[in-house]
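Visitor: If you scroll down you'll find the structure; I have some questions about it.
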Amino acid sequence: MALFTKRRAGAVASIAAAAALALTACGGGSDSSSGSDKFEVAKDVSISGSPTFDKMKSAGKIIIGVKEDQPGLGYLDAATGERSGFDIQIAQWMAASLGFGSDKIEYKAVDSAAREQAIANGDVNMYVGTYSITDKRKEQVGFVGPYFVTGQGLLVAKDNTTINSEKDLDGKTVCSATGSTPLQNIQQNFPKVKVTSFDKYSQCVEALKNGQVDAVTTDQAILIGYASQDPDKLKVVGEPFTTEKYGIGIPKGDTALCEALTTTLKDGNATWTKIYDDTLGKSGTKVEQPTPDACS
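Heads up, the sequence shown is in my numbering, so the first residue is 1 and it goes up one at a time.
Below, the structure is given as structure tokens:
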């Protein structure tokens, strides 16, 4: 995926608008402790030639890496223990297609910078959490998808009048998650911008509220979720200025698992649409499911 690629404003604007009401949609997911299944669990699944699937079957569970601080996408309610959002439901759907119900899912929060290592080490069997597909990451992990497309945006303080787009960032301090694609984009393509990073985007948002940084950058869908939490203090500005394609991270070389999950995505347009409508689509905005790439 090429960084700093202009995308049609209308398409990403639809995603952005959908995310704006994402907080009202956060009740769709469920943690493994709930014991209820939103998706039909496949029976007697067998995937020949997949060491990852064999490992899951032997353990009797699937370990899925996720984010838990992104409203509308991957979010954990600390008070109730409830997980919700578009990515959480995608994860549950993939698990069900492999024969694992909600009571057989173990979620593991993994920060952006640690994703490749977590997959390569076998700490997680797959990763579903705003994980952009890039050529560099493909050198270390495999990807299934894309299952969603968005673009990089900017979050600033509500009273900020000096930053209206990425063209206004020179001399400013911008925060993003360590190891993230948006952070790399700023470092590579905006040499006059000061960069700082934290493990979690939520830490960047707190730094913005405290006046430690001038802007937070990541995928616009994520940023609007944060702005929706605190609209009196935060706002999203400008148009998306990259294309980010979200994929499901799996161990590199496990083509059999990739093909099984890709088939689920390709054959499950109705399921994908329902997941979207139950989460980001609560705004009434429609977004088409992207066509997954072929496994290699």
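Glycine included, C-beta positions come from ideal geometry on N, C-alpha and C.
To the nearest angstrom, how far is the alpha carbon of valine 149 from that of threonine 279?
Guide: Approximately 15 Å between the Cα atoms of the pair.
Visitor: Whose C-beta lies closer than 8 Å to the C-beta of aspartate 111 among residues of the same chain, with five residues either side of it excluded?
Guide: Cβ neighbours of aspartate 111 beyond the five flanking positions: Ala177, Thr178, Gly179, Asp199 and Lys200.
Visitor: How should aspartate 219 be labelled, buried or exposed, when 16 other C-beta atoms within 10 angstroms of its C-beta is the threshold for buried?
Guide: The residue in question, aspartate 219, is buried, as its Cβ has 16 or more Cβ neighbours within 10 Å.
Visitor: For leucine 208, collect the residues of the same chain with a Cβ closer than 6 Å to its Cβ; drop the 5 residues on either side in sequence, then sort them by chain order.
Guide: Cβ within range, chain order: Val216.
Visitor: Using the Cα positions of threonine 243 and phenylalanine 53, report the straight-line distance between them to the nearest angstrom.
Guide: Approximately 31 Å, taken between the alpha carbons.
Visitor: Let me check understanding here. Comparing Cα to Cα, which of Lys57, Lys55, Lys61 and Ile90 lies closest to glycine 72?
Guide: When only C-alpha atoms are compared, the closest one is Ile90.
Visitor: So, do the stretch 253–273 and the stretch 43–50 have three or more beta carbon pairs nearer to each other than 8 Å?
Guide: Short answer: they touch.
Visitor: Comparing C-alpha positions only, which one of Val287, Phe190 and Thr181 sits nearest to lysine 167?
Guide: With distances taken between Cα atoms, lysine 167 lies closest to Phe190.
Visitor: Leaving aside the five residues before and after glycine 10 along the sequence, list all residues of the same chain whose C-beta is less than 6 Å from its C-beta, in chain order.
Guide: Any reading at glycine 10 must be qualified, since the residue scores a pLDDT of 40, below 50, and its modelled position is unreliable; no value is offered.
Visitor: Mind checking proline 182: buried by the 16 CB within 10 Å criterion, or exposed?
Guide: So proline 182 ends up on the buried side.
Visitor: The alpha helix (DSSP H) that contains proline 191, what's its start and end?
Guide: Note, proline 191: premise wrong, no alpha helix (DSSP H); not H, not E.
Visitor: What span of residues does the beta strand (DSSP E) with alanine 120 cover, start to end?
Guide: Here alanine 120 belongs to no beta strand (DSSP E); instead the alpha helix (DSSP H) covers 115–121.
Visitor: For my contact list, alanine 118 and tyrosine 131 are in at a C-beta cut-off of 8 Å; report their separation, rounded to the angstrom.
Guide: That pair is no contact at about 11 Å.
Visitor: In or out: asparagine 125 buried (at least 16 other Cβ within 10 Å) or exposed?
Guide: Classification for asparagine 125: buried.
Visitor: Hey, out of Ile224, Val156, Leu76 and Ser197, whose CA is closest to alanine 109's CA?
Guide: That would be Leu76, whose Cα lies nearest to the Cα of alanine 109.
Visitor: Please report the distance separating the alpha-carbon of aspartate 135 from that of lysine 245.
Guide: Each residue's alpha carbon lies about 12 Å from the other.
Visitor: Could you check the C-alpha separation between alanine 294 and glycine 211 for me, to the nearest Å?
Guide: Approximately 45 Å, taken between the alpha carbons.
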